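Convert by adding 1486 to the 1-based position in the sequence shown; the result is the number in this note's numbering.
Glycine is no exception: its CB is placed at the ideal position from the N, C-alpha and C atoms.
Remember, predicted model here, so these are calculated numbers, not experimental data.
Read through the structure below, which is laid out as structure tokens, and then see the notes.
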Amino acid sequence: MNEPTRRTALRLAAATGAGAVTTTAATASVQGKRREVTTYVFVTGSNGMASGDSELVLRGHRTVGVSLPGHGAEEQFHVAYQAPQDLKALAAIPSPMAGVTLDDYVEATVNVVRRVSRYGPVILVGGSLGGSTITKTADEVPGLIDRLVYVGAYCCTKLRSPAEYLETPESSTSLGAAILPAVVGDPAALKAIRINWRTNDRKFLTAAKAAFMAEGTEGEFLAMLNSSLPDESLQVSSADARGRKDAWGRVRRVYVRQTLDRLIPPALQDRMIREADEATPGNRFEVFSVKGPHAPTRKSYRRITEILAGLAR
1487 MNEPTRRTAL
1497 RLAAATGAGA
1507 VTTTAATASV
1517 QGKRREVTTY
1527 VFVTGSNGMA
1537 SGDSELVLRG
1547 HRTVGVSLPG
1557 HGAEEQFHVA
1567 YQAPQDLKAL
1577 AAIPSPMAGV
1587 TLDDYVEATV
1597 NVVRRVSRYG
1607 PVILVGGSLG
1617 GSTITKTADE
1627 VPGLIDRLVY
1637 VGAYCCTKLR
1647 SPAEYLETPE
1657 SSTSLGAAIL
1667 PAVVGDPAAL
1677 KAIRINWRTN
1687 DRKFLTAAKA
1697 AFMAEGTEGE
1707 FLAMLNSSLP
1717 DESLQVSSAD
1727 ARGRKDAWGR
1737 VRRVYVRQTL
1747 DRLIPPALQD
1757 RMIREADEAT
1767 PGNRFEVFSV
1777 KGPHAPTRKS
1787 YRRITEILAG
1797 LAR
């Protein structure tokens, strides 16, 4: 996999964001009969931690977040990151994301899909950069996935990687550069991109909120920042994330357009949907639109949950 330039890598980190929004589920006994339960497997975008969806669980489904390599809070959070911060020390701490590749993400996701697929249908959900992971996971185990769901996520077909899509005209309105002032350390030395999400610099916070969650409350926005991991891989964004027509191309897929997304603009989302449909005209995206930003607010995520729930058998 090719190493991105520092500029491209930083822009990609911005455009994929702080973790935004992951056959099959368990059997259950209902009135003496056994029925299949759908499992939703969630793959986070950059800087995110594994998580599920409690509302889907309350509706009788199972959910699980994939623990991606290097994405453990215990690996990434340090005293230097706490207040008062020691940015000099933080800049020098080795990164658990150094050398982590898209293949590593895919391996972790495939392992989860294999485990849950013994019990019922699997719906594999990827947000933002997580779209690359779910595409390549479908290449590995297409027969174990009932649906692929891209939530404002990268879906590469004509271009090989998210980094290349970030350079297209459709991405020209992206506000991803908002995170650049918060970069800590040298990405080339760390072999990772490290962002100080916990800065209290008002100029950065204002720009980042406009980029990630302009429609959210200050509390929602700060909660998102404070739950984001500092480090993300340099390699994943530039990896070849195109799906094979004979594997990924035969799995039913859904795209949830986020119409207020200022990191992966709607025009870019539409381009990726169109190109995927052209590549597999017999298996086109089922498309839903949600009026929400890149990092979903509580209100917009309720709509996403409704869409997900409607996909279960």
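Start-to-end residues for the beta strand (DSSP E) that takes in residue i
i, result
"S1634", "Note that residue 1634 is Leu in the sequence shown here, rather than Ser. First-last of the beta strand (DSSP E) with L1634: R1633 to V1637."
"D1717", "D1717 to S1719"
"Q1744", "R1739 to Q1744"
"V1773", "E1772 to V1776"
"V1550", "R1548 to G1551"
"Y1526", "T1525 to V1529"
Residue range of the unbroken alpha helix (DSSP H) whose run includes residue i
i, result
"E1650", "P1648 to Y1651"
"T1791", "R1784 to A1795"
"V1543", "S1540 to L1544"
"Q1562", "A1559 to Q1562"
"D1763", "P1752 to A1765"
Residue of the options minimising C-alpha distance to residue i
i, options, result
"L1634", "K1695, T1643, P1582 and A1624", "A1624"
"K1677", "A1696, V1586 and G1629", "V1586"
"V1776", "R1688, L1746 and G1534", "L1746"
"A1664", "E1522, G1729, A1700 and L1645", "A1700"
"P1628", "R1743, S1532, D1756 and V1737", "V1737"
"S1713", "H1557, G1768, V1592 and A1584", "H1557"
"S1660", "L1652, L1554 and Y1526", "L1652"
"L1666", "A1675, T1654, A1697 and L1645", "A1697"
"M1710", "L1645, K1695, R1739 and Y1591", "K1695"
"N1597", "E1561, E1626, Y1787 and R1789", "E1626"
"P1800", "R1788, Q1571, I1793 and A1577", "One cannot answer for residue 1800 here, as it falls past the ends of the chain, which runs 1487 to 1799."
"G1534", "D1732, L1615 and D1687", "L1615"
"D1590", "G1606, R1601 and P1555", "P1555"
"L1542", "I1609, G1531 and R1684", "I1609"
"M1805", "A1795, G1768, W1734 and V1722", "Any property of residue 1805 remains undetermined from this structure, which presents the chain solely from 1487 to 1799."
"A1566", "T1685, Y1787, V1740 and E1522", "T1685"
"V1773", "Y1787, L1797, A1765 and R1788", "L1797"
"A1668", "T1703, Y1741 and L1715", "L1715"
"Y1605", "A1639, E1522, A1569 and A1733", "E1522"
"F1690", "T1703, L1708 and A1675", "L1708"
"T1703", "M1758, A1639, P1580 and S1786", "S1786"
"G1735", "D1756, N1769, Y1741 and P1751", "N1769"
"P1752", "A1639, I1793, E1764 and A1575", "A1639"
"L1630", "R1601, E1650, S1658 and G1617", "R1601"
"I1790", "M1758, Y1741 and P1570", "Y1741"
Buried/exposed call for residue i, threshold 16 Cβ in 10 Å
i, result
"G1671", "buried"
"V1778", "Per the sequence shown, the amino acid found at residue 1778 is Gly instead of Val. Result: buried."
"L1544", "exposed"
"E1718", "buried"
"N1682", "buried"
"F1799", "It should be pointed out that residue 1799 corresponds to Arg in this sequence rather than to Phe. It counts as exposed."
"P1619", "For the record, residue 1619 in the displayed sequence is Thr; it is not Pro. Looking at its Cβ environment, which holds 16 or more other Cβ atoms inside 10 Å, T1619 is buried."
"S1603", "buried"
"T1508", "With a pLDDT of 39 at T1508, under the threshold of 50, the modelled position of this residue cannot be trusted; read the value that follows with caution. That one is buried."
"V1552", "buried"
"Q1562", "buried"
"D1632", "buried"
"D1687", "exposed"
"S1540", "exposed"
"R1739", "buried"
"H1547", "buried"
"R1788", "exposed"
"A1675", "exposed"
Anticipated Cβ contact below 8 angstroms, residue i with residue j, distance rounded
i, j, result
"L1754", "E1656", "4 angstroms"
"V1611", "V1529", "7 angstroms"
"R1784", "E1706", "6 angstroms"
"A1725", "S1647", "6 angstroms"
"F1771", "A1781", "At roughly 22 angstroms, the Cβ-Cβ gap does not stay under 8 angstroms, so F1771 and A1781 are not in contact."
"R1550", "T1525", "Rather than Arg, the amino acid found at residue 1550 in this sequence is Val. With a Cβ gap of about 7 angstroms, V1550 and T1525 count as contacting."
"G1531", "G1662", "No, G1531 and G1662 are not in contact; Cβ-Cβ is about 12 angstroms, not under 8 angstroms."
"C1641", "T1621", "6 angstroms"
"K1731", "T1766", "6 angstroms"
"V1527", "V1599", "6 angstroms"
"R1743", "T1643", "Not quite, the Cβ-Cβ distance comes to about 17 angstroms (not below 8 angstroms), so this is no contact."
"I1679", "L1720", "6 angstroms"
Proximity test, Cβ basis, 8 angstroms: residue i and chain B
i, result
"P1767", "Included in the structure is just one protein chain, with no chain B present."
At 3 residues or longer, and completely inside the region 1656-1725: list those beta strand (DSSP E) runs for me, N to C. 1678-1680 and 1717-1719
Segments of 4+ residues assigned as alpha helix (DSSP H) that fall wholly inside the region 1570-1623: 1573-1578 and 1588-1602
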